[in-house]
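**Q** To convert a position in the sequence shown, counted from 1, into the numbering used here, add 17.
For reference, the structure I am asking about is given below.
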Amino acid sequence: MKWPMVKLGEVCHTVTKGTTPTSLGYEFSSEGIPFLRIQNISNNTVSLDDVLYIDEETNEALKRSKIIPGDLLITIAGTIGKTAIVPDDFPESNCNQALAIIRFDSKILWPKYLLYWLGTTSALNQITGMKVTATISNLSLGQIKELVLALPPLEEQKRIAAILDKADAIRRKRQQAIKLADDFLRAVFLDMFGDPVTNPKGWEVKPLSYGIDSITSGWSAKGEGYPCKEGELGVLKISAVTSGRFNSQENKFVHGDDIPNGKRLVFPKKGDLLFSRANTRELVAATCIVQDDCENAFLPDKLWNIKTDSSVLLPEFLNCLIWEPKFKETLTSQATGTSGSMLNISKGKFEATDAIFPSISIQYRFRAVYWKMQKTIISLNHFLDESEYSFSSLSQRAFSGHL
Numbered sequence: 018m019k020w021p022m023v024k025l026g027e028v029c030h031t032v033t034k035g036t037t038p039t040s041l042g043y044e045f046s047s048e049g050i051p052f053l054r055i056q057n058i059s060n061n062t063v064s065l066d067d068v069l070y071i072d073e074e075t076n077e078a079l080k081r082s083k084i085i086p087g088d089l090l091i092t093i094a095g096t097i098g099k100t101a102i103v104p105d106d107f108p109e110s111n112c113n114q115a116l117a118i119i120r121f122d123s124k125i126l127w128p129k130y131l132l133y134w135l136g137t138t139s140a141l142n143q144i145t146g147m148k149v150t151a152t153i154s155n156l157s158l159g160q161i162k163e164l165v166l167a168l169p170p171l172e173e174q175k176r177i178a179a180i181l182d183k184a185d186a187i188r189r190k191r192q193q194a195i196k197l198a199d200d201f202l203r204a205v206f207l208d209m210f211g212d213p214v215t216n217p218k219g220w221e222v223k224p225l226s227y228g229i230d231s232i233t234s235g236w237s238a239k240g241e242g243y244p245c246k247e248g249e250l251g252v253l254k255i256s257a258v259t260s261g262r263f264n265s266q267e268n269k270f271v272h273g274d275d276i277p278n279g280k281r282l283v284f285p286k287k288g289d290l291l292f293s294r295a296n297t298r299e300l301v302a303a304t305c306i307v308q309d310d311c312e313n314a315f316l317p318d319k320l321w322n323i324k325t326d327s328s329v330l331l332p333e334f335l336n337c338l339i340w341e342p343k344f345k346e347t348l349t350s351q352a353t354g355t356s357g358s359m360l361n362i363s364k365g366k367f368e369a370t371d372a373i374f375p376s377i378s379i380q381y382r383f384r385a386v387y388w389k390m391q392k393t394i395i396s397l398n399h400f401l402d403e404s405e406y407s408f409s410s411l412s413q414r415a416f417s418g419h420l
C-alpha cells in the first residue's frame, strides 16, 4: 500500500530542546520540578530514577523546554535515538540539551506510531546519516524536522501501533526477566560482601593495584561504519561493553592494509574483564566479563583488559564491585573532562582507588553463583534475540504497508 511521505517537521508544531540551568546562571535544587537527562529515557519510557530538580523560577526561565504529557522525547547527544512518550500522569518537568521535545496533533500523527517508527531501520539509517561527529555525536533540531516517514490514515496508524504494542510486550517480558536475574546477582553480591563503600562487614581495604597484575589498552584503528564479517578483522566499539555484557558484534571493520606490520592486537578471551576508561559520564567505567573467546575483533585504546591476581582478587568480584553505584561514583568522580564531553579515567587513579578485599574463599563462592546466573542470562538473551527479530520483522512489514 502506498502512503504519502512527509517530513516530520511538516506534521509537528514544536521541535525544541532544553538547556543546562547552570549555563544560564541557575542552580539545581534538592526538590521541585524534575529535570530530565539521557539516563531518564529508557525502553521507550520516562523514569524519575536518578533525576535532578529545578525550582519554579528556573523552570519559568527555561519555559521553551517545559515538558507536558503526550510529548515525544528523543535523545540527540551522546546516545542518539532513545525515545519515550511522556505519560498522561507524569509531573510537569524540563530537560537539558541532550533531549529534544517533539509536539504534534495526535489527530494527525498518532504518538505510538511515531515512537515505533523512530526505531525502524529507515528512521535509524536517516538518523545515523545525519549525526555530526565531534567530541560526541549529536543531532540538530533542523535534522529531526527533515526526517521522512510514511503517513497512513490515522486509524491505520492506530492499528499498526496496537499490533506493535502486543509484540513489544513480549520482548519487554524477556527484558524484565533479564533485569530480575541481574538484580538477583546484585542482591547476592550485597548479601555476601555488604556495601563496598561503607564496608559494614569490615573487609580489608587496599588500593586496587594490590590485586591487579596488568592493565592492557587496545589500539584504535581506523574503522568503517559497519561490523566485520567472518574471516575479517574489526576494532571493538566502546558500546561492546556498555550494556554490561560483551557484544563482539559492536565493532567496526578494519582493512588489513591499515594495520602496521608487527602491530600487537589485543583480542578478548573468555573470562577477561573489560573496562571502558573513556566515555560519556553515564557510560564511563562500564565493565563486562567476556563469555567466549573473540578472535575477529580487537580492543580499542579506550577499552582496558584487566588481569587480576587470582590469589587476592577475582575478575567476577571486581566486575560486580564496579557495577555498584556508590563504588562506580568513586571511580567516575576521578575522571577528567567536562560533563558534556568524553571523560577519561587514568590507570594511575584507577589503581590508586581504595577497594574492599574480601577473603578469596568467599570470592570463589561468589564466582560459582556468578557463572550459574550467566547460564540463565545467556538463555534469556537467546529468547530476547528471537523476540527482537520477530518485532523488527513485524515492524518492517507494518511501516511498508504489508501488515
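The C-beta atom is built at its ideal place from N, Cα and C for all residues, glycine as well.
1. Considering Ala204, what are the terminal residues of the alpha helix (DSSP H) in which it resides?
2. Pull up the DSSP beta-bridge partners for Met22, would you.
3. Given a threshold of 16 other Cβ atoms within 10 Å of its Cβ, counted over all protein chains shown, does Glu333 qualify as buried or as exposed?
4. Note down, one range per segment and in chain order, each beta strand (DSSP E) of at least 3 residues found wholly within the region 267-292.
5. On the premise that Val103 lies in contact with Pro86, defined as a C-beta separation below 8 angstroms, what is that separation, rounded to the nearest angstrom?
6. Among Pro38, Ser46, Glu172, Ile55, whose alpha-carbon lies nearest the alpha-carbon of Ser300?
7. Starting from the C-beta of Asp310, find all residues in its chain whose C-beta is less than 7 angstroms away, skip the five residues before and the five after it, and write them out in chain order.
8. Starting from Val68 and walking both ways along the beta strand (DSSP E), at which residues does that stretch end?
9. Can you tell me whether DSSP reads Asp326 as helix, strand or coil?
10. Between the alpha carbons of Ala314 and Glu27, how many angstroms are there, rounded?
11. Do you know offhand how far Ala415's Cα is from Tyr406's?
12. Which class does Thr259 belong to by DSSP, given the choice of helix, strand or coil?
13. Return the first residue and the last residue of the beta strand (DSSP E) that Leu53 is part of.
14. Using the rule of at least 16 other Cβ atoms within 10 Å of the residue's Cβ for burial, across every protein chain shown, is Arg188 buried or exposed?
15. With DSSP as the reference, please indicate the residues paired to Val252 in a beta bridge.
16. Around the Cβ of Met22, are there at least 16 other Cβ atoms within 10 angstroms (buried) or fewer (exposed)?
17. Cα separation between Ile373 and Lys183?
18. Is Phe337 helix, strand or coil when you go by DSSP?
19. Give me the residue from Asn361, Ala115, Leu141, Leu181 with the minimum Cα distance to Ser404.
20. Report the residue from Lys364, Leu158, Leu331, Gly251 whose alpha carbon sits nearest the alpha carbon of Trp321.
21. Restricting to Cα atoms, I'd like to know which of Ile161, Asp88, Glu173 is closest to His419.
22. By how many angstroms is the C-alpha of Ile379 removed from the C-alpha of Met209?
23. Go through its chain and collect everything with a Cβ distance to Thr150's Cβ below 7 angstroms, but skip five positions before and after it.
24. Going by Cα to Cα distance, which pick from Asp289, Leu168, Phe263, Lys239 is closest to Ile229?
25. Roughly how many whole angstroms lie between the Cα atoms of Gly261 and Ser157?
26. Please return the same chain residues whose Cβ sits closer than 7 angstroms to the Cβ of Glu249, not counting the five positions on each side in sequence.
27. Can you tell which of Trp236, Ala257, Asn268, Tyr70 has its C-alpha closest to the C-alpha of Glu247?
28. If you draw a straight line from the C-alpha of Pro51 to the C-alpha of Ser110, how long is it?
29. Please list the terminal residues of the continuous alpha helix (DSSP H) segment that includes Pro128.
30. Near Arg191, which residues of its chain fall below 7 angstroms by C-beta distance, leaving aside the five closest residues on each side in sequence?
31. Below 8 angstroms, how does it come out for the region 30-41 and the region 109-123: are there three or more Cβ pairs, yes or no?
32. From which residue to which residue does the beta strand (DSSP E) around Glu221 run?
33. Taking 8 angstroms as the threshold (C-beta atoms), are Leu291 and Phe263 in contact?
34. Which one of Ile323, Gln114, Val329 has the shortest CA to CA distance from Gly95?
35. Just how far apart, CA to CA, sit Thr37 and Ile84?
**A** Reading from the atomic positions:
1. Locating residue 204 in the sequence shown gives position 187, counting from the first residue. First-last of the alpha helix (DSSP H) with Ala204: 171-210.
2. The residue labelled residue 22 in the question sits at position 5 within the sequence shown. Under DSSP, Met22 takes part in a beta bridge, and its partners are Ala167.
3. To locate residue 333, count along the sequence shown from 1; it is residue 316. Flag for Glu333 reads buried.
4. Unbroken beta strand (DSSP E) stretches of 3 residues or longer found wholly inside the region 267-292: 268-271, given in chain order.
5. Indexing the sequence shown from 1 puts residue 86 at position 69. Indexing the sequence shown from 1 puts residue 103 at position 86. The Cβ separation is near 5 angstroms, so the contact holds.
6. Position 283 of the sequence shown, counted from the first residue, corresponds to residue 300. The sequence shown places Leu at residue 300, not Ser. Among Pro38, Ser46, Glu172, Ile55, the Cα nearest to that of Leu300 is on Ile55.
7. Taking the sequence shown and counting its residues from 1, one reaches residue 310 at position 293. Same-chain partners within the cutoff: Lys286, Lys287.
8. Numbered from 1 along the sequence shown, position 51 holds the residue referred to as residue 68. Here Val68 belongs to no beta strand (DSSP E), and DSSP marks it neither H nor E.
9. By 1-based counting over the sequence shown, the position of residue 326 is 309. Residue state for Asp326 is assigned as coil, using DSSP reduced to three classes.
10. Start at 1 with the first residue of the sequence shown, and residue 314 comes out as number 297. Start at 1 with the first residue of the sequence shown, and residue 27 comes out as number 10. About 43 angstroms.
11. Sequence index remark: in the sequence shown, residue 415 carries index 398 (1-based). Sequence index remark: in the sequence shown, residue 406 carries index 389 (1-based). Each residue's Cα considered, the two are about 14 angstroms apart.
12. Here residue 259 refers to the residue found at position 242 when the sequence shown is read from its first residue. Note: Thr259 maps to coil in three-state DSSP.
13. As a position in the sequence shown, residue 53 is number 36, starting the count at 1. Taken as a continuous stretch (DSSP letters only), the beta strand (DSSP E) holding Leu53 covers 50-53.
14. Mapped onto the sequence shown, residue 188 falls at position 171. Under this definition Arg188 is a buried residue.
15. Counting from 1 along the sequence shown, the entry for residue 252 is found at position 235. Per DSSP, the beta-bridge partners of Val252 are Lys269, Phe315.
16. Residue 22 sits at position 5 when you count from the first residue of the sequence shown. The residue in question, Met22, is exposed, as its Cβ has fewer than 16 Cβ neighbours within 10 Å.
17. Taking the first residue of the sequence shown as position 1, residue 373 is located at position 356. Taking the first residue of the sequence shown as position 1, residue 183 is located at position 166. Whole-angstrom Cα-Cα distance: 46 angstroms.
18. Walking along the sequence shown from the start, residue 337 turns up at place 320. Residue identity check: residue 337 is Cys in the sequence provided, not Phe. DSSP, read as helix, strand or coil, puts Cys337 in helix.
19. Taking the first residue of the sequence shown as position 1, residue 404 is located at position 387. Nearest C-alpha to Ser404: Leu181.
20. In the sequence shown, residue 321 corresponds to position 304, counting from 1. Put simply, of Lys364, Leu158, Leu331, Gly251 the residue whose alpha carbon is nearest the alpha carbon of Trp321 is Lys364.
21. For the purposes of this step, residue 419 is taken as the residue at position 402 of the sequence shown. Comparing alpha-carbon positions, the option among Ile161, Asp88, Glu173 lying closest to His419 turns out to be Glu173.
22. Translated into positions along the sequence shown, residue 209 becomes position 192. Translated into positions along the sequence shown, residue 379 becomes position 362. One Cα belongs to Met209, the other to Ile379, and the distance between them is close to 8 angstroms.
23. Taking the sequence shown and counting its residues from 1, one reaches residue 150 at position 133. Confidence is the limiting factor: at Thr150 the pLDDT is only 48, short of 50, which leaves the residue's position unreliable, though a coordinate-based value still follows. Excluding sequence neighbours, Thr150 sits near nothing in its chain.
24. Stepping through the sequence shown from its first residue, residue 229 is reached at position 212. Residue Asp289 is the option with its Cα nearest to Ile229.
25. Taking the first residue of the sequence shown as 1, we reach residue 261 at position 244. Taking the first residue of the sequence shown as 1, we reach residue 157 at position 140. Rounded to the nearest angstrom, the two C-alpha atoms are 29 angstroms apart.
26. Position 232 of the sequence shown, counting from 1, holds the residue named residue 249. Phe270, Asn313.
27. The residue given as residue 247 occupies position 230 in the sequence shown. It is Asn268 whose Cα lies nearest to the Cα of Glu247.
28. Against the sequence shown, residue 51 aligns to sequence position 34. Against the sequence shown, residue 110 aligns to sequence position 93. Answer to the nearest angstrom: the Cα atoms are 5 angstroms apart.
29. Within the sequence shown, the letter at position 111 stands for residue 128. Per DSSP, Pro128 belongs to the alpha helix (DSSP H) from 128-134.
30. Along the sequence shown, read from residue 1 onward, the residue named residue 191 stands at position 174. Leu397, Phe400, Leu401, Ser404.
31. The region 30-41 is in contact with the region 109-123.
32. Taking the sequence shown and counting its residues from 1, one reaches residue 221 at position 204. Annotation: the continuous beta strand (DSSP E) that includes Glu221 extends over 221-224.
33. As a first step, residue 263 must be located in the sequence shown, where it is residue number 246. As a first step, residue 291 must be located in the sequence shown, where it is residue number 274. Yes, the pair counts as a contact, with Cβ atoms nearer than the cut-off.
34. The sequence position of residue 95 within the sequence shown is 78, counting from 1. The shortest C-alpha separation from Gly95 is found at Gln114.
35. Stepping through the sequence shown from its first residue, residue 37 is reached at position 20. Stepping through the sequence shown from its first residue, residue 84 is reached at position 67. So the alpha carbons of these two residues sit roughly 15 angstroms apart.
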